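Going by my numbering, the sequence shown wraps up at 281, each residue one higher than the last. Using N, Cα and C, we set each Cβ at its ideal position, and we do this for glycine too. Quick caveat: nothing in here was measured; it's all calculated off a predicted structure.
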Amino acid sequence: MSTLTETTFKRIADIARRRWGLSLGERKMQLVANRLSSHLRKNGGGEIEDYVQRLERNPTEEDMLVLFDILSTNVTSFFRDPAHFAFLERELYTPLAKGTLAVPGRKLRLWSAACSTGAEPYSLAIQALELLPPGAGFDVKILATDLSNKALTGVREATYTEAQLTGLSPERRAKYLVRVDAPASRSVGPMWRVKDEVRRLVEIRRQNLVESYTGLGPFDVVFLRNVMIYFDRDTRHEVVMRMHSVIRPGGILAVGSAETLSGLDVPFRPAAASVYIR
Ligand SMILES: C[S@@+](CC[C@H](N)C(=O)[O-])C[C@H]1O[C@@H](n2cnc3c(N)ncnc32)[C@H](O)[C@@H]1O
């Protein structure tokens, strides 16, 4: 088996920090070694050192995206952190439905930044369908972005195994998803595809969170959840300030339940646990 030396790990960590803001501490070294070895085994073998040299010399954008997928984690689930959805119901959808809150042009714009394979943006879309009064003329769009090829393919396919649907009640599954045959090559049991009426609300794009947000926003709501844990403090600050530039005044920013903006010195005020207002 090909080995990963500490020096080579540091060179990979340097690429990850510069390109994607990822902070790979030393405790990730074994994980990275395992993932790189497995990737090389599946792709004809070779030494980790040679692979890293190739990446340093003359990488294509696709080579880099492959490395990003090797290094990143896509864990997600439907209606993850239900308190965030309860906050949106209470502070956004109920007042909108009652007419005590207005959004310009009745346009509601949400962004699932670092959306992984789609459970988050599709949960946001399902909630909007459930809570916005039909016929009231609201125009809702949910932007779903990630950098990962694996994630973007997942959102586009919008097809999940039953295990990936934890968090989605049987009622919601029956209403918003449709059962499809799993490919014969995969013994994963039944699969479920998100219906068109939900998918239609979601626009999918690639976005590196540490690169320019030109053309994005303004958003009423941004979910930036369970991604800042992979960034160092400076990157977290930079990303939150970029978010500030695309969230409208009074708009909502939700971070992961294990994440916080406290200590970052950013112009957001706390509104609930891991929820902030611009
Ligand atoms: C653990 S998942 C979180 C998914 C979802 N937000 C949730 O909370 O369930 C983290 C996601 O962040 C993405 N990610 C990490 N660094 C990124 C970057 N620099 N730009 C865009 N996406 C990034 C990964 O590809 C991954 O899909």
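When Cβ pairs closer than 8 Å are counted between the two stretches, the stretch 252 to 266 is seen not to touch the stretch 58 to 69, the count staying below three. Around the CB of Pro-270, fewer than 16 other CB atoms lie within 10 Å, so the residue is classed as exposed.
In the three-state reduction of the DSSP assignment, Glu-206 falls in the strand class, which pools E and B. The C-alpha of Lys-178 is placed about 43 Å away from the C-alpha of Arg-21.
In the three-state reduction of the DSSP assignment, Pro-273 falls in the strand class. With a cutoff of 8 Å, Val-213 counts as near ligand 1, since its C-beta is closer than that to a heavy atom of the ligand. Taking a 10 Å sphere around the C-beta of Asp-268, we find fewer than 16 other C-beta atoms and assign the residue as exposed.
Of the candidates Arg-281, Ser-260, Tyr-279, Ser-260 places its Cα closest to the Cα of Pro-85. Comparing alpha carbon positions, the residue from Ser-80, Phe-90, Ser-75 closest to Ala-274 is Phe-90.
For Leu-155 and Gly-102, the gap between their C-alpha atoms comes out near 36 Å.
Each of Phe-222, Arg-44, Phe-141 was checked against the Cα of Ile-280, and the nearest Cα belongs to Phe-222. According to DSSP, Ser-115 shares a beta bridge with Ala-147, Phe-226. Contact check between the stretch 44 to 51 and the stretch 118 to 138: fewer than three CB pairs, one atom from each, fall below 8 Å, which does not count as touching. Distance from Leu-168 to Phe-81 at the Cβ level is roughly 6 Å; contact confirmed, criterion being Cβ atoms closer than 8 Å.
Closer than 8 Å to some heavy atom of ligand 1: that does not describe the Cβ of Trp-195.
Here Gly-108 is exposed. Its C-beta has fewer than 16 other C-beta atoms within 10 Å.
One alpha carbon belongs to Arg-83, the other to Glu-123, and they sit about 7 Å apart.
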